[in-house]
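Input: a single structure, listed below in structure tokens.
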Amino acid sequence: MSGTSSVHPLDQGDPLGPKRAAFALPEGVIYLDGNSLGTLPAHVPQRVADVVSKQWGESLIRAWNEHDWVDLPRRVGDRIGRLVGAAPGTVIAGDSTSINLFKVLSAALAMRSERKVILSDTGNFPTDLYMAQGLRDLLNAGHELRLVAPEEVADAITDEVAVIMITQVDYRTGRRHDMAALTRLAHEAGALAIWDLAHSAGAFKVELDACGADFAIGCGYKYLNGGPGAPAFLYVAERHQAVARQPLNGWMGHDAPFAFDLDYRGARGVDQFRVGTPPILSLSALDAALDVFDDVDMDVLRGKSVSLCELFIKEVESRCEGLELASPRNADERGSQVSFRFAEGYALMQALIARGVIGDFRAPDIVRFGFTPLYLSHGDVVKAVDILADILATRSWDAPQFKTRAKVT
Ligand SMILES: Cc1ncc(COP(=O)(O)O)c(C=O)c1O
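Next comes the structure, spelled out in structure tokens:
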């Protein structure tokens, strides 16, 4: 248990226990929001400072070659690729998740131009749906964004569908789709599969290549700990790279950016999915943050994630009346977060945060807790539930200062 000498039995011999020291966690905080904004790895500030003062400050423009800044999107992409089961050369880091979705969805629709349906589900994160709506309107070619309930996706994959556009883990409930099964169904129907890995990358083992995924995207600032607004990533399966083309024809996606041709000629491979000058400072922070995963076995990480989530559910259900589990009870159907419903969820979360237990709230009534096994222990889970139970028993959440909604929830 953090901050005390007693160690929870489940933490004894935890191979990931020593990893906590790799993070700069503030004293007195139990951070259950790494699914929203990951924690700062302790060595990142120094690495970023070096990039600023040594690489930028001293090498100046020469750094593009001397420090190989120009290929940083590929190098960081390959490191993320290892975590999401993607071969080297299939992942590129940069831009935002939203923009990367626009790119891969454009490419996928062009590869299935005879079909007009983009299939997604009502549990998807809104930005994905908004980007698809924007692209549909821009193309003005009769596309339909078809939304079904998450449990109805499999049955809705028909031969009208061009692309299934699915977020693997539901941001509200943590419910996890079966990537291998849905991708197979999509392919059997002649459709392509795009996966949003925002709540998957760095949270558990993802197997993009093995599942036969066509495209994927994901965030750098959640479980990958790349920092606020960190560059995102995208994946293009090797077999599609000769034909897949995205339409944001920036010069960095040109086959020869420094030839300065007047006409665009897309690079081969995943480089065509680059657009403009990469954000070296934030890419360097993400690159450094990924170091913490270098010696992590993702199966071990998943095992501990399941154990933390199971303990949390058990403790909350036995000690916190009034909270209703919103996440699947079966661990195989969950990502690395657990959510509960509570009518006054916003106030409850504010009261928790005031006592040092940081999670977040998603309208209308979800309190959300992310479990990142690299820096959380079972002792933290018990301590967090002690505080939650006390807040509920004393109704201390029921105070005006916890009910005024901030801009970011
Ligand atoms: C599934 C999913 N996709 C995308 C995003 C965000 O996209 P962006 O990084 O472009 O803001 C989020 C943010 O939480 C998300 O949960």
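Taking the numbering used here, the leading residue of the sequence shown gets 74, the next gets one more, and so forth.
The beta-carbon is built from N, C-alpha and C at its ideal position, and this holds for glycine as well.
Write down every uninterrupted run of the beta strand (DSSP E) in the segment 131–214 whose length is 3 residues or greater and which is fully enclosed by it, in chain order. 164–166 and 190–194
Looking at C-beta atoms only, is the number of pairs between the segment 402–411 and the segment 442–460 that lie closer than 8 Å three or more? yes
Close-in-space but distant-in-sequence residues of the same chain around residue 258 (CB under 7 Å, 5 per side omitted): Here residue 258 corresponds to residue number 185 of the sequence shown, with the count starting at 1. Excluding residues within five positions, the ones whose Cβ falls inside 7 Å are 227 and 230.
Should residue 460 and residue 421 be called a contact, given that it needs their Cβ atoms to be closer than 9 Å? Here residue 460 corresponds to residue number 387 of the sequence shown, with the count starting at 1. Here residue 421 corresponds to residue number 348 of the sequence shown, with the count starting at 1. No. Outside cutoff.
Report yes or no: do three or more beta-carbon pairs, one from the segment 161–179 and one from the segment 338–349, lie closer than 8 Å? yes
Starting from residue 354 and walking both ways along the alpha helix (DSSP H), at which residues does that stretch end? Mapped onto the sequence shown, residue 354 falls at position 281. Element bounds for residue 354: 353–362.
Is it the case that the Cβ atoms of residue 201 and residue 269 are separated by a distance below 9 Å? The residue you call residue 201 lines up with position 128 of the sequence shown. The residue you call residue 269 lines up with position 196 of the sequence shown. Yes, the Cβ-Cβ distance between residue 201 and residue 269 is below 9 Å.
Throw me the rounded Cβ distance for the residue 299 and residue 340 pair, which I believe falls under 8 Å. In the sequence shown, residue 299 corresponds to position 226, counting from 1. In the sequence shown, residue 340 corresponds to position 267, counting from 1. Actually they are not in contact, since the Cβ atoms of residue 299 and residue 340 sit about 24 Å apart, beyond 8 Å.
Residue 172 Cβ short of 8 Å to ligand 2 heavy atom set: Although ligand 2 was asked about, the structure shown includes only ligand 1 as ligands.
Taking all protein chains shown into account, do 16 or more other C-beta atoms lie within 10 angstroms of the C-beta of residue 351, making it buried, or fewer, making it exposed? As a working mapping, residue 351 is identified with position 278 in the sequence shown. Buried.
Presumed contact (8 Å Cβ cut-off) between residue 296 and residue 108, rounded CB distance: Indexing the sequence shown from 1 puts residue 296 at position 223. Indexing the sequence shown from 1 puts residue 108 at position 35. Between residue 108 and residue 296 the Cβ distance is about 7 Å, and since that is below 8 Å, they are a contact.
According to DSSP, simplified to helix, strand and coil, what is residue 412? Counted from its first residue, the sequence shown places residue 412 at position 339. Residue state, collapsed to three classes: strand.
Output needed for residue 273: all residues of its chain with C-beta closer than 6 Å, excluding positions within five of it in sequence on either side, in chain order. Indexing the sequence shown from 1 puts residue 273 at position 200. Taken in chain order, the residues that qualify are 241, 242 and 279.
Do you know offhand how far residue 221's Cα is from residue 239's? One-based indexing of the sequence shown puts residue 221 at position 148. One-based indexing of the sequence shown puts residue 239 at position 166. Going from the Cα of residue 221 to the Cα of residue 239 covers about 11 Å.
CA nearest to the CA of residue 467, picked from 322, 425 and 385: In the sequence shown, residue 467 corresponds to position 394, counting from 1. Ranking 322, 425 and 385 by Cα distance to residue 467 puts 425 first.
Expressed to the nearest angstrom, what Euclidean distance is found between the alpha-carbon atoms of residue 165 and residue 326? Here residue 165 refers to the residue found at position 92 when the sequence shown is read from its first residue. Here residue 326 refers to the residue found at position 253 when the sequence shown is read from its first residue. If I take the Cα positions, the gap works out to 11 Å.
Under 8 Å: does the beta carbon of residue 298 sit that close to some heavy atom of ligand 1? Reading the sequence shown from its first residue, position 225 is the one you call residue 298. Checking the Cβ of residue 298 against ligand 1 gives no.
Please report the Cβ distance between residue 287 and residue 313, rounded to the nearest whole angstrom; I am assuming they are in contact, meaning their Cβ atoms lie under 8 Å. Your numbering for residue 287 matches position 214 in the sequence shown. Your numbering for residue 313 matches position 240 in the sequence shown. Contact flag correct, Cβ pair sits at about 6 Å.
Relative to the alpha-carbon of residue 418, which residue among 402, 276, 401 and 438 has its alpha-carbon at the smallest distance? The residue you call residue 418 lines up with position 345 of the sequence shown. With distances taken between Cα atoms, residue 418 lies closest to 438.
Residue 289 - containing beta strand (DSSP E), residue span: Against the sequence shown, residue 289 aligns to sequence position 216. Counting along the chain, the beta strand (DSSP E) containing residue 289 begins and ends at 288–291.
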